[in-house]
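Everything in the sequence shown is counted per this note's numbering, starting at 212 for the first residue and increasing by one. Glycine included, C-beta positions come from ideal geometry on N, C-alpha and C. Here the structure is a predicted model, which is why all the values come from computation and not from measurement. Shown next, in structure tokens, is the structure this report addresses.
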Amino acid sequence: MSAPTLSRPAQQAVARPGIAPEQAEQRRNLSTVRQADVLALLGAAVAAVSFASLLFTRLTPFSGLLGFVAVSYALFVAIYALLVWVEEPGTYVRDRLAAVAAHTLGFVMLLALVVVVGFTFWRARDALGNASFFTDDLSDAGPLEPLTVGGMQHALVGTLEQISIALLITVPLGITAAVFLSQFPGRFSRVVRTITEAMTALPSVIAGLFVYSALIIGIELGPVSIKVPRSGLAAALAISVMMLPIIVRASDVVLRLVPGTLIEASLALGASRWRTVWTVVLPTARSGLTTAVILGTARGIGETSPVLLTAGYSTVINANPFKDPQVSLPLATFTLVKQPQETMIARGFGMAATLMALVLLLFIGARILGGRGPGQLSRRQVSRRRAASARDAARFAGYAGAGRIPRSSGYVPVDDMPTQEFRMDLDADGGRTGRDSE
């Protein structure tokens, strides 16, 4: 007598209330732009501008371009939400309004950037058109001299020297502090992180006053007096106080994003903690660390008040950062744009445009140096790896032809191998022990 077979009952479609059983569920593709969405945006925009024009010209006493833009945008959002609500559910309306707000904020930020950069370069066009602006200083440029006389060389030299000294101070200290905060957590690291986050909001004038009172006025420690004259070095120290918290905080965030499995794998292979940091953590976070350094550099290179308090102002080139006043591009810009002469104002805007171009070059250099992710090699590095692999393959082929294996590989040569067989077993502690096979 055969055993009865069990059959699974056929699954029946359960009809939802309000939906016909034969109606299939339709899923909307959110990755494409529908024609209805485009028509709703255009219709809302035209209706908002038309209604705002009617309000500002016929119905109300409103006036002004800024008010017209604000009222038009508010009407656009309201009309667009109404048009979407007619055909779509409430969740879709909220999603569309959130998308409109996000795109609006992005457009406003881009517009502000374009306006600032464009206005600066437009006002600096007369100064940047002269070759002497890049090769001369302001020692011979009086208030009535044309733009063909005088330039920004003294400010450019001061900026490059001051930011270079500040980078030599802040990059090692900042990355070391970030490694300590991320890789060695504890009570003291929490205190350091709190102080670092508080120092990111430190006003720049406070940093300048600190260096001015501590080094320029001097500290008397009995018979020892510590004083630093007004110079580029004092300005670099004040700039370092502003850059260091930015670099530490950004680097700490980047290092904490390194996967813990990589660190655990390195430690499991027997590497020390510092060896793991040097060979695993830092190379993995190279791109982010470069960005952190550039963020700190952008903060320090545009400081004005610390340089004014610690380095003073000068119109001549001073290539010695350890003696005499030394001006920078932000301080020279701040000083020249306050002058009543149009030529001086044009020189100030020319220095501001040069400063923005310098920051842009720094960001481009950072992307070139740290843009590759972990494991991504350049063409030269790939060629070197291939050549090394070919040399190793040829070397091992020579050893194999001679009937032996190199001792450096960890194996025993064939000629020296004992005749008795060995077997490797694991002892109780996890290590390997060799004993005779049974």
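Item                                                                                                                                                                  : Value
Under DSSP, the alpha helix (DSSP H) around A461 begins and ends at which residues?                                                                                   : 443–466
Say whether the segment 553–568 touches the segment 480–491, bearing in mind that this needs 3 or more beta-carbon pairs closer than 8 Å, one atom from each stretch. : no
Does the pairing of the segment 363–370 with the segment 332–348 give three or more beta-carbon distances under 8 Å?                                                  : yes
Which of helix, strand or coil does DSSP assign to L573?                                                                                                              : helix
DSSP state of Y524, grouped into three classes?                                                                                                                       : coil
I want to know whether the segment 364–379 touches the segment 527–537 - three or more CB-CB distances under 8 Å.                                                     : yes
With the cut-off set at 8 Å, would you say A496 and A449 are in Cβ contact?                                                                                           : no
Applying the criterion that 16 or more other CB atoms from any shown protein chain within 10 Å of the CB defines a buried residue, is P456 buried or exposed?         : buried
Using the Cα positions of D337 and L358, report the straight-line distance between them to the nearest angstrom.                                                      : 8 Å
M562 by DSSP, collapsed to three states: which one?                                                                                                                   : helix
For Q373, does the three-state DSSP call read helix, strand or coil?                                                                                                  : helix
Around the C-beta of I428, are 16 or more other C-beta atoms found within 10 angstroms, so that it is buried, or is it exposed?                                       : exposed
Three or more C-beta pairs under 8 Å: does that hold for the segment 500–517 against the segment 399–409?                                                             : no
Report back the beta-carbon spacing between Q537 and S442 to the nearest angstrom; my notes put them in contact at under 8 Å.                                         : 6 Å
From T331 to G301, what distance separates their C-alpha atoms?                                                                                                       : 45 Å
Just to confirm the assignment: which complete alpha helix (DSSP H) runs, minimum length 4, are found wholly within the segment 283–309?                              : none
Does DSSP classify G621 as helix, strand or coil?                                                                                                                     : Confidence is the limiting factor: at G621 the pLDDT is only 46, short of 50, which leaves the residue's position unreliable and the question unanswerable from this model.
Please confirm if the segment 277–295 is in contact with the segment 256–263, defined as three or more CB-CB distances below 8 Å between the two stretches.           : yes
When you compare the CB positions of A409 and D463, do they come within less than 8 Å of one another, or not?                                                         : no
Could you tell me how far apart the beta carbons of L294 and A251 are, in whole angstroms, since I believe they sit closer than 8 Å?                                  : 4 Å
Based on Cα-Cα distance, which residue from L392, I579, P396, V452 lies nearest to F421?                                                                              : V452
Let me know if F514 comes out buried or exposed under the rule of 16 or more other beta-carbons within 10 Å of its beta-carbon.                                       : In the sequence on display, residue 514 carries Glu and not Phe. Buried: at least 16 other Cβ atoms inside 10 Å.
Please report the Cβ distance between V492 and A446, rounded to the nearest whole angstrom; I am assuming they are in contact, meaning their Cβ atoms lie under 8 Å.  : V492 to A446, Cβ: 33 Å. No contact.
Are there 16 or more other CB atoms within 10 angstroms of the CB of M454, so buried, or fewer, so exposed?                                                           : buried
L324 to T315, Cα distance in whole Å?                                                                                                                                 : 14 Å
Should L413 be labelled buried (16 or more other beta-carbon atoms within 10 Å of its own) or exposed?                                                                : exposed
Tell me whether I720 is buried or exposed, calling it buried when 16 or more other Cβ atoms sit within 10 Å of its Cβ.                                                : No answer is possible for residue 720: the residues shown for the chain start at 212 and end at 649.
Counting only runs that start and end within the segment 483–542, where is the alpha helix (DSSP H) found for 4 or more residues in a row?                            : 484–487, 497–512, 516–521
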